[in-house]
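Student: For the sequence shown, position 293 matches number 1645 in our numbering, and the numbering has no gaps at all. If you scroll down you'll find the structure; I have some questions about it.
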Amino acid sequence: MAAIIGIDDTDSRDRGMCTTYVGTMIANQLAERGWTVRQPILFRCNPAVQRKTRGNAAVAVPTDADATTAFDIASNVVEHHAVTADPATNPGLVVADHSPETISPTVAEFAMDAVRTHHVPADAVALINDCGYKSKVWEEQWGLIGALAAIGAWDACEDWTYECILYRDRQRWGTDRVVDTASVFTVADRWYPEIWDTVDRETGEPVCIPNTPGPVLLGIRGESPSVTRAAATAIEGETPTTSTVFRTNQGTDMHLQAGEIGELTNRHCYRVTGEVRTSPETRRGGHVFFTLGDQSQTIDCAAFEPTKRFRDRVRSLRIGDRIMACGEVTDGTLKLEKFAVRDLVDTIQVTPNCPDCGRSMESAGANQGYRCRSCTQTAPGKVSKSVSRTLSIGWYEVPPVARRHIAKPLVRGGFDAQTYPEQ
Ligand code: ZN
């Protein structure tokens, strides 16, 4: 016997529940009744979808319990914990009556599409019926999408990372978290780069500790279950009541697909190559914008204020630079998460200086070159001047404080050029 329990959309932005916690409670309940639970999956769907709860997380719990038992236990836990009073919360539960090893390709494909494109509830309902899975919704059917996708994730992801999440005692939810920040930095230094996005060393923030109310004390992300567990355990602070190491598609860039400027769809996430066409401009609010183009089309790119020092990298781009830009396209703007410099402009055309007196020359009229105002020197046209660049060929990224859950930190490696990781 075997089953996979998928849940989604049990959390609330305001009231502080978390789908990973509901997944942990389901796993604990199963274990208490003597069933074996395999490593749960934390699956991040398309971060660009409009309708999402905090972080757009869904969870799958594989177990050797039969599907009926798994369904009853999970249903009770969701009933008990999900914030169904929040009208934006539409919990969904799906239970597959088989082990992760026999997931059908269509369910894996559904999971991949849930990260790269968009589903409507009817897509999930149809596939759930085809597969003969059990399902339940508490409000609308939106939660079925992530719940089914989390089940298919097992076969949809090639790259996995891990997160060890520690949970707080219920009495403490909503109160300040008691965590020794110094020990967070010690742990981050000791295990980096096997763990990442634990802290932001420039801003001094322990980014592994959430700011929202709710059950999560902290989460350590990294390359293996044992390292994330060891690092989380080494942090000093209030005693967690329970913890889970999730296998996850966080930090993988699974959301990015290859795209061409002019053929990008709103609320999808892409890698696109083009040439910088306008000088980066800082607008009100500290957001930095520039235009990227190819032979025939252009798209606006933006680095928003929360991306902090990443904006300095973007401001260093010059007209003519060739880059690969990565991020979400919404309302015709690509929100940069990272970019690769492919080619840098190293000379610019400038008005010549007079070889005799050194003063800047002036235009002698259309197509008539330049002349000096104070002597008789002339020049046929603009001259090349080399410019020094602060950027190099290679990859740049937003800092840990601004990282999306699903975005791959450069320190993880596997990129096609030199990388300049933010720590
Ligand atoms: Zn002169």
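Glycine included, every Cβ here is placed at the ideal spot set by N, Cα and C.
Tell me D1360's beta-bridge partners as DSSP assigns them.
Tutor: Against the sequence shown, residue 1360 aligns to sequence position 8. Paired residues: A1410 and G1444.
Student: For the alpha helix (DSSP H) containing E1431, name the first residue and the last one.
Tutor: For the purposes of this step, residue 1431 is taken as residue 79 along the sequence shown, with counting starting at 1. Note, E1431: alpha helix (DSSP H), A1419 to H1433.
Student: When you get a sec, list the residues whose CB is within less than 6 Å of any heavy atom of the ligand ZN, chain order please.
Tutor: Spelled out in chain order, the answer is C1706, D1708, C1709, R1711, C1724, S1726, C1727 and Q1729.
Student: Can you tell me which of E1515, P1565, I1572 and E1510 puts its alpha carbon nearest to the alpha carbon of F1537?
Tutor: Residue numbering aside, residue 1537 sits at position 185 when the sequence shown is read from its first letter. It is I1572.
Student: Exposed or buried, Y1772, counting other C-beta atoms within 10 Å across all chains shown (16 or more means buried)?
Tutor: Position 420 of the sequence shown holds residue 1772. Burial call: exposed.
Student: Between K1690 and S1738, what straight-line distance do the alpha-carbon atoms span, to the nearest angstrom?
Tutor: Residue numbering aside, residue 1690 sits at position 338 when the sequence shown is read from its first letter. Residue numbering aside, residue 1738 sits at position 386 when the sequence shown is read from its first letter. Looking at the two C-alpha atoms, the distance is approximately 27 Å.
Student: If I follow the unbroken alpha helix (DSSP H) through E1453, where does it start and stop?
Tutor: One-based indexing of the sequence shown puts residue 1453 at position 101. No alpha helix (DSSP H) contains E1453, which DSSP labels as neither H nor E.
Student: Would you mind giving the Cβ-Cβ distance between G1645 and G1626, rounded to the nearest angstrom? I have them listed as a contact below 8 Å.
Tutor: For the purposes of this step, residue 1645 is taken as the residue at position 293 of the sequence shown. For the purposes of this step, residue 1626 is taken as the residue at position 274 of the sequence shown. Sure, about 5 Å apart at Cβ, within 8 Å.
Student: So V1568 packs on C1370, CB below 8 Å; how close in whole Å?
Tutor: On the sequence shown, position 216 is the one that residue 1568 refers to. On the sequence shown, position 18 is the one that residue 1370 refers to. With 8 Å as the limit, V1568 and C1370 qualify as a contact, their Cβ atoms being about 6 Å apart.
Student: Where does the unbroken beta strand (DSSP E) through L1688 begin, and where does it stop?
Tutor: Residue numbering aside, residue 1688 sits at position 336 when the sequence shown is read from its first letter. L1688 -> beta strand (DSSP E) spans T1685 to D1695.
Student: What number of angstroms, rounded off, separates the C-alpha of K1660 from the C-alpha of D1552?
Tutor: Counting from 1 along the sequence shown, the entry for residue 1660 is found at position 308. Counting from 1 along the sequence shown, the entry for residue 1552 is found at position 200. When rounded, the distance between both Cα atoms is 11 Å.
Student: What residue from T1730, I1357, C1509 and S1487 has the CA that sits closest to D1605's CA?
Tutor: The residue labelled residue 1605 in the question sits at position 253 within the sequence shown. Looking at the Cα atoms, C1509 is the closest of the given residues.
Student: DSSP puts L1644 in a beta bridge; with which residues?
Tutor: To locate residue 1644, count along the sequence shown from 1; it is residue 292. L1644 pairs with V1628 and I1651.
Student: Taking 7 Å as the threshold (C-beta atoms), are V1374 and P1392 in contact?
Tutor: What you label residue 1392 is simply residue 40 of the sequence shown in a count that begins at 1. What you label residue 1374 is simply residue 22 of the sequence shown in a count that begins at 1. No.
Student: Please list the segments of the alpha helix (DSSP H) lying wholly inside the segment 1483-1562, counting only runs of 4 or more residues, in order along the chain.
Tutor: Runs found: 1495-1508 and 1533-1543.
Student: Does the Cβ-Cβ distance between A1400 and R1623 come in under 7 Å?
Tutor: Counted from its first residue, the sequence shown places residue 1400 at position 48. Counted from its first residue, the sequence shown places residue 1623 at position 271. No; because the gap between Cβ atoms is not below 7 Å, this pair is not in contact.
Student: With E1612 as the anchor, note down where its beta strand (DSSP E) starts and where it stops.
Tutor: On the sequence shown, residue 1612 is found 260 positions in, with the first residue counted as 1. Premise fails: E1612 is in no beta strand (DSSP E) and is neither H nor E.
Student: Express the C-alpha separation of R1663 and H1432 in angstroms, rounding to a whole number.
Tutor: As a working mapping, residue 1432 is identified with position 80 in the sequence shown. As a working mapping, residue 1663 is identified with position 311 in the sequence shown. About 44 Å.
Student: Would you call V1681 buried or exposed, if buried means 16 or more other Cβ atoms sit within 10 Å of its Cβ?
Tutor: Within the sequence shown, the letter at position 329 stands for residue 1681. It counts as buried.
Student: Is A1677 helix, strand or coil when you go by DSSP?
Tutor: Taking the first residue of the sequence shown as 1, we reach residue 1677 at position 325. In the structure shown, A1677 sits in a strand (DSSP, three-state: E or B).
Student: R1670 bridges to which residues according to DSSP?
Tutor: As a position in the sequence shown, residue 1670 is number 318, starting the count at 1. BP columns for R1670 are empty, so no partner.
Student: Throw me the rounded Cβ distance for the S1744 and T1699 pair, which I believe falls under 8 Å.
Tutor: Taking the first residue of the sequence shown as 1, we reach residue 1744 at position 392. Taking the first residue of the sequence shown as 1, we reach residue 1699 at position 347. About 17 Å separates the two Cβ atoms, so there is no contact after all.
Student: Going straight from the alpha carbon of E1714 to that of D1541, what length do you get?
Tutor: Counting from 1 along the sequence shown, the entry for residue 1714 is found at position 362. Counting from 1 along the sequence shown, the entry for residue 1541 is found at position 189. In a straight line, the C-alpha of E1714 is about 57 Å away from that of D1541.
Student: Can you look up Y1722 in the DSSP assignment and give me helix, strand or coil?
Tutor: Reading the sequence shown from its first residue, position 370 is the one you call residue 1722. Looking at Y1722 - three-state DSSP - the assignment turns out to be strand.
Student: Leaving out the 5 sequence neighbours to the left and right, which residues in its chain are closer than 6 Å to R1674 when beta-carbon positions are compared?
Tutor: Residue mapping note: residue 1674 aligns to position 322 of the sequence shown, counting from 1. These residues qualify, in order along the chain: E1627, R1694 and D1695.
Student: Got a sec? Which residues, its chain only, sit under 8 Å from P1473 by beta carbon, not counting five neighbours each side?
Tutor: As a position in the sequence shown, residue 1473 is number 121, starting the count at 1. Excluding residues within five positions, the ones whose Cβ falls inside 8 Å are E1492, Q1493, W1494, L1496 and I1497.
Student: Between D1549, C1706 and G1574, which lies nearest to P1562 when the distance is taken from Cα to Cα?
Tutor: To locate residue 1562, count along the sequence shown from 1; it is residue 210. Of the listed residues, the one whose Cα sits closest to P1562 is D1549.
Student: Counting Cβ pairs closer than 8 Å, one from the segment 1722-1729 and one from the segment 1756-1763, do we hit at least three?
Tutor: Output reads no: the segment 1756-1763 does not touch the segment 1722-1729.
Student: Would DSSP call T1600 helix, strand or coil?
Tutor: Taking the first residue of the sequence shown as position 1, residue 1600 is located at position 248. Strand.
Student: Determine the DSSP secondary structure at V1753, reduced to helix, strand or coil.
Tutor: Residue numbering aside, residue 1753 sits at position 401 when the sequence shown is read from its first letter. Three-state DSSP puts V1753 in a helix.
Student: So L1394 and T1372 are in contact, right, with Cβ under 8 Å, and what is the actual spacing, rounded?
Tutor: In the sequence shown, the residue the question calls residue 1394 occupies position 42. In the sequence shown, the residue the question calls residue 1372 occupies position 20. At roughly 6 Å, the Cβ-Cβ gap stays under 8 Å, so L1394 and T1372 are in contact.
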